[in-house]
Structure formats: structure tokens, C-alpha cells
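Numbering (the UniProt record's numbering), first residue to last: 1 to 141.
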């Protein structure tokens, strides 16, 4: 079983700019990028044309570390500097469940831990200290 903690940055349309900065400033390498325009259209939630180039999910490698970035297209707003969450990534679904259950004690479940198209177990929880964690099991459903 392996587990890792990964910083996850959520932007409001500036992920491309942030990626450019980190590539130049930190010698980051973009190892994966998926833009909203690359995804299947959801007729119930149409995507504005100007957001098609926004980043749905990107992974940057910086030395031996990883940084994940997304643009939030749902209109959620936050105060600058508070858009950082921690991804707890594991290859063990039972361990992901254990992490999620422990972190939700006294905290708040933002998205329940459940299977998704990209993970056998994914959830989002804010702990009792106000720190948000995305629990992610590697692999596909």
C-alpha cells in the first residue's frame, strides 16, 4: 500500500497562467492536462465557449513532487490564498475509506466517498480545523 499527500490548487480561470508561471519559476513539467473543452458536453450544464480552454485537471511534476491544479467552472468563489486543498492519494480503497472516516470526525463532508469514473473511491472532506482534503484511490472504477 502506498499513500502520498499532494497540494491541489483551485483557480477561477487562471490555471493556465499559474501553470506557465510554475513551469518557468519552478522548472515544473506538465505531465497531464485535461481541458474542459476536451470533455464530453453535458447538455444539462452547458459550458460557456470562453471556458473551454480552462483546466479541468492538470498534474505538474516539480523535482520528486507533484502539484495538481484545476479551474473551478461552477462559479464558486474564494478568497485568494484559500484555494489550496490536500489530495491524499492511495492505491488502497480500504485505506482511503479509513482516511475519509477519520478526517470527517468533527468536520464536514463536502462530497461523500464513492466510486467515480476516474477512481474506485473519491471524496472531499473538510476536517475540524478547516483544512480540506480530497481522498483519491488510484485507478478507474
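Backbone N, C-alpha and C fix where the C-beta goes; we use that ideal spot for every residue, glycine too. Computed from a prediction, not measured in an experiment: that's the story for all the values here.
Minimum Cβ-Cβ distance from residue i to chain B less than 8 Å
i, result
"residue 138", "Among the chains in the structure shown there is no chain B, since it carries only a single protein chain."
Cα-Cα separation, residue i to residue j
i, j, result
"residue 30", "residue 60", "5 Å"
Helix, strand or coil at residue i according to DSSP, with G and I counted as helix
i, result
"residue 19", "helix"
"residue 130", "coil"
"residue 40", "coil"
"residue 24", "helix"
"residue 49", "helix"
"residue 116", "strand"
Beta-carbon proximity list for residue i, same chain, < 8 Å, skipping 5 on both sides
i, result
"residue 55", "11, 15, 16, 19, 33, 34, 35, 36, 69, 70 and 71"
Own chain, CB closer than 6 Å to residue i, minus 5 neighbours either side, in chain order
i, result
"residue 121", "93, 96, 113 and 137"
"residue 57", "34 and 70"
Burial state of residue i, where buried means 16 or more other Cβ atoms lie within 10 Å
i, result
"residue 123", "buried"
"residue 88", "buried"
"residue 3", "exposed"
"residue 125", "buried"
Range of the contiguous alpha helix (DSSP H) that encloses residue i
i, result
"residue 94", "93 to 104"
First through last residue of the beta strand (DSSP E) which encompasses residue i
i, result
"residue 71", "65 to 71"
"residue 89", "84 to 90"
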